[in-house]
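Mapping of the sequence shown onto full-length UniProt numbering: position 570 corresponds to residue 570, and the numbering continues sequentially without gaps. Cβ atoms here follow ideal geometry from the backbone N, Cα and C, with glycine treated the same way. Everything numeric in this text was worked out from a predicted model, so none of it was measured.
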Amino acid sequence: MKFERRFELNQHPGWASFYLNYRSIKTLIKSNTYRYGTSTDFEGIVDALGEETSKVEQFYNHRLTVIQQKETLLYEEYGLQGDDRDDAKYARGDPQELEHLKASFLQLAKDARELERFVQLNRDGVKRLHDKIRTSQNSKRSHSTQTIDVLPNPKFVNGLPYSQYLRKTRQRAERLSFFCAESKKSTSLHTSLWLESFCLQFYPSFDEVQSTYRAIVTNDESLLDQILVRASNSSTETAKLVLLLLAMLHCAILSGSSKLVKILLKKVQSLEPSALSESPFPRNLLRLTITLLLQSTTRGSEHQSPQEASPTKSSSHNNSYLDALKLFLVHAQDLAPISSFSILDAIICRDIENNTLLHLAVIAGSPLVTDLLLSYCATQAANADNSILSSSLQPVLNELLPIAIRSNRLKVFQLLLKHVANINYMERSGESFIYIASRFGREDMMRLLLTTASHSEINVDMAENVRGWTPLFIACVEGHISIVKLLIEAGADQHKVDCFGWTAKEHATFRGYLHLALLLCSSGVNDPLPPNTSPITVEQLPVLDLIATKDNDSSIERARSHILVTLGSPNTREEISGVDLIPHRPDDTGDTPLNHGYILDVRADGAEASNGRNSCIELPKLEDLIAQPWHFTTNDPDKCHLVFTIMGRKDDNGKQRTVGSGIAMLQSLKYGLASGREGLARYYTVPILGKDNLEYIGSVTFGLLVVTPPPPKRPIPQSAKQGFWNKGGATQVVGHRGSGANSTARTNLQLGENTIQSYKSAAELGATAVEFDVQLTKDLVPVIFHDFLVMEAGGDTPLYTLRLDQFLHLSKAQTPKGDLSGMAEKRYMERSKTPNESPSRPRSCSLSAYDDSPSVDLAERMKFTESAKEGAHKGNLRGETIHGIFPSFEDLFTKLPDSIAFNVEMKYPMLWEAEDRNMDRYAPEINTYVNLVLEVIYRLAGKRSITFSSFSPEVCILLSIKQQDYPVLFLSKGGAVPVGDVRCSGLQQSIRFAKRWNLAGLVILSHPLVMCPRLIGYTQSAGLKVCSYGPWNNDPEYAKIQAKAGLDVIIVDKVRLISETLAAAAGDSLS
């Protein structure tokens, strides 16, 4: 979905209908993929893709022809040769003509760059769809004998034929910049290159070009009249005189002489009707005036340096062109009765690019020109047959409103909206105005669409024709909360389903937008399921090669280290580009991305590439490369260094030229921290130095994860590898931190969380397994503790800064003086062991002995910690719970029976967690941490069933590579709270991450699963186990909702209550 979003956001607003319909083909593949047991129509998919690529190629060829025609016309109009011979003409050219000529060449270069972007975007889309077809095809081979090995390979995938043309066009614009500056400094009289060329082609006998030019630039009406009289006397051909008069008008418009424009327009009106009937000049002059006005409004900011731009001159020319346009509209209206010229026809007439004058104004984002043209059309409508005008103008407006929405031109949008007749108009793709505004999150435009009085009949539930998505669906998919609110207020149907059976709420929940899901369906989280059984299953996701092909028993592979390199950063709180290049020279083509057209090559010297992935990628890359690392193996990571090489376009000999490179030494990236520690920010930025001058030309930001060899392992029984969810088939209950996390909301006396007593109690109360948190002390001993910061130490102290003896002392220090070690605790434990008798709460007087205990001092010490100030509750605290000694990881194996399965949560901080908790941005070295935990397990686990889980994606990756004996689950908050890592941002990303790294399943905060229980089955269809945790799991009704939907494991605090609830519900279903 991220690729699809980027694919659509990067499209040229005016070309949207000519791009590859990626969404349609992807939906077709997805639909066919799920027809298990039947023959899949791969041939139909490939044919549809072939039609789309043919459409793209036709548009490309057309646009390439347009660029070539525009360039040829420019050469002809100014009498240019296209080589160094033109410099002599530039040296004597009129400054305004040179500015216009420069802007025209820059526009050609920009058109070429836009076309190249168009090709690359579609090429990436085709490649992506090819991969999806092949993946789908491979997953269906056991179900279908039909295979398609020949896929469309359109010509444009091999690059553009005009890369040299782009370079030469920009060089010509740079030459014109030089001559423009020189021309403005010169005091000598210049000449009109355009008028010279015009007369040579159409009026070779006219010998007063220089006098005509002088009259125009000096606003000399008398001299102009004399020239016209002499021309009239010397020639009896009326057509030539008409052409000369219109040519003078052309030059007057170009020079910004509004006075002469007015005079010449009056002279045109005095001509015989037949003289203008066949001339295209009036229409061309109107287009020239608008083009000059649009060019002049952007010239200072887009195509000139601050020193070169002159605000006074720019403003002066703007006013002149604006006056000329107004005069033209006024006088051209008077031409209609005497000629076939129609100003309305001129406004809506299409050029070789299929654009009208309104298109030019809207694409340029000019409210001024748009308003002038629309106002004229409105005036014409008042004076003529409105139906005829409407039939001509409305199709144009229907094209322009989506362009204004996509390019975010609010003022232009407002002007267009006043004149649109059908607010429910839909494009060929079935997208309405309101749908497009919803997709791009245009809140102001949505308000205008929904509140305009004349549009009271707007249909907010119109669905596009590919997936059946309404505006509410796309707003939920894109996460636009303001749009969702507006649509709900407008009465959007929240219970509609798309062609795959999904609701808008499920889409929002799936993508991690729980705040949107809570807005939907006023009846709350317990909405009845839609009539369809379940959403369609997930698409096939390939497992990374290093996981799928890795031989875990290979001594060579286990003895080597893995280096995983990704482009960019997973950090969602900071915009970090994977590759950021500055221009080698001024980029005069405006807003084209500077990274475009380059190739990045990545290699690791001192290591071997192991997964066969191409080391080169084209830039920019639409795909999310965080989940697609370059994989290298080595015996010694400290001796390796990464080399990033930027390559540009091929030179004239067809060779790829190197632009620059940068190097990162792996060992140096960890400098500055104590031995055995590493920073939590695992992405780094290296400068790229230019090949020719070693100057800074940009940077590459990459993620790095080094996986060292695991500890030696012992034989592990097969029964210990299967996971605790295989016990009995029904939803398994797991005790959270033992018999439950400690909370002030609990009404019963609580055993201290993460203690031996709590784990034993959980097993007795019906838990299949117990969940606990493993961290590392300063002296590298794995211990059981939940919080990153140890408040008991009297400050915000990270656990990894305490030795084991210091850590255990904090627990022992809570023991009262004089042997008061828990009369209430002993009584509670004794009653817990009594058969068929529930433990009862000790009398209040039993706790009075603790009034003078160290717990009072401990509470005082913790008062000023950051966690205490934020209201965090402290578990396993004497005086509030039945305190138990802090156990080490090894204690759990020696003090708990093998029948109690372990859910080992690997508690390792992520960067965004450290930021939120104001912690240090470093932690124990991650390989050391994982290896020490594995060493204890290999040594002591025996037959015990063990499952790993972690919120840290890096820990999950390490566990997946270092061992495949025990299942690994990825913990995720499912979008319920803001996170700083894209891999943790929602259920969709969690599924992708788990599949990519061959994890066994997910542990999701229960909110999204209770709100949308069908997502449980959807996730399981990807081959993943689904577990849930969180306070909602302590509600019996919410537990039953998830269990009914097929939840594999539920982690709870109220073990007995939920165990009995689910057992009773299972019994009722059987009866």
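Determine the direct distance from the alpha carbon of residue j to that of residue i, and round the result to whole angstroms.
i           : j            : result
residue 245 : residue 268  : 7 Å
residue 89  : residue 200  : 15 Å
residue 609 : residue 1028 : 38 Å
residue 376 : residue 329  : 8 Å
residue 565 : residue 642  : 9 Å
residue 930 : residue 663  : 29 Å
residue 396 : residue 1012 : 43 Å
residue 48  : residue 116  : 24 Å
residue 297 : residue 357  : 16 Å
residue 64  : residue 119  : 11 Å
residue 635 : residue 706  : 12 Å
residue 324 : residue 233  : 30 Å
residue 762 : residue 951  : 23 Å
residue 786 : residue 1009 : 24 Å
residue 167 : residue 8    : 28 Å
residue 247 : residue 393  : 30 Å
The beta strand (DSSP E) that contains residue i, what's its start and end?
i            : result
residue 698  : 696-707
residue 602  : 599-605
residue 1025 : 1025-1029
residue 734  : 732-736
residue 192  : Run containing residue 192: none; DSSP gives neither H nor E here.
residue 975  : Where residue 975 is concerned, there is no enclosing beta strand (DSSP E), given that its DSSP letter is neither H nor E.
residue 947  : 946-950
Under three-state DSSP, which class holds residue i?
i            : result
residue 846  : In this prediction, residue 846 has a pLDDT of 39, which is less than 50 and means its spatial position is unreliable; what the coordinates show is noted afterwards. Residue 846 falls in the helix class under three-state DSSP.
residue 684  : strand
residue 622  : coil
residue 396  : helix
residue 886  : coil
residue 339  : Bear in mind that a pLDDT of 48 at residue 339, under 50, signals an unreliable position, so the model cannot answer this.
residue 218  : coil
residue 446  : helix
residue 349  : coil
residue 671  : coil
residue 616  : strand
residue 661  : strand
residue 690  : strand
residue 1079 : Because the chain here runs from 1 to 1071, residue 1079 falls outside it and cannot be looked at.
residue 511  : coil
residue 28   : helix
residue 419  : coil
So residue i and residue j are in contact, right, with Cβ under 8 Å, and what is the actual spacing, rounded?
i           : j           : result
residue 969 : residue 934 : Not quite, the Cβ-Cβ distance comes to about 16 Å (not below 8 Å), so this is no contact.
residue 963 : residue 710 : 6 Å
residue 623 : residue 105 : Not confirmed; about 34 Å, so no contact.
residue 195 : residue 213 : 6 Å
residue 483 : residue 438 : 5 Å
Using a beta-carbon distance below 7 Å, is residue i in contact with chain D?
i          : result
residue 83 : No chain D is present in this structure, which holds just one protein chain.
In the DSSP assignment, find the unbroken alpha helix (DSSP H) run with residue i in it and report its ends.
i            : result
residue 805  : 804-812
residue 437  : 433-440
residue 570  : It is not in any alpha helix (DSSP H) - residue 570 carries neither H nor E in the DSSP assignment.
residue 1007 : 1006-1011
residue 966  : Where residue 966 is concerned, there is no enclosing alpha helix (DSSP H), given that its DSSP letter is neither H nor E.
residue 471  : 471-478
residue 208  : Where residue 208 is concerned, there is no enclosing alpha helix (DSSP H), given that its DSSP letter is neither H nor E.
residue 939  : 926-940
Review point. Taking three-plus beta-carbon pairs below 8 Å as touching, is the region 940-948 in contact with the region 894-907?
Key: yes
Practice item. Take every Cβ of the region 172-180, pair it with every Cβ of the region 217-227, and state whether three or more of those distances are shorter than 8 Å. Key: no
Exercise for review: Decide if the region 911-921 is in contact with the region 979-990; the criterion is three or more beta carbon pairs, one per stretch, under 8 Å apart.
Suggested key: yes
Check your understanding: How about the region 506-523 and the region 1020-1034: do they share at least three Cβ pairs that are nearer than 8 Å?
Key -> no
**Study point:** At least three beta-carbon pairs within less than 8 Å, the region 732-743 to the region 695-714
**Key:** no
Check your understanding: Is there contact here, the region 76-87 with the region 120-129, by at least three beta-carbon pairs under 8 Å?
Key -> no
Review point. Can we say the region 920-927 touches the region 879-894, given the rule of at least three CB pairs closer than 8 Å?
Key: no
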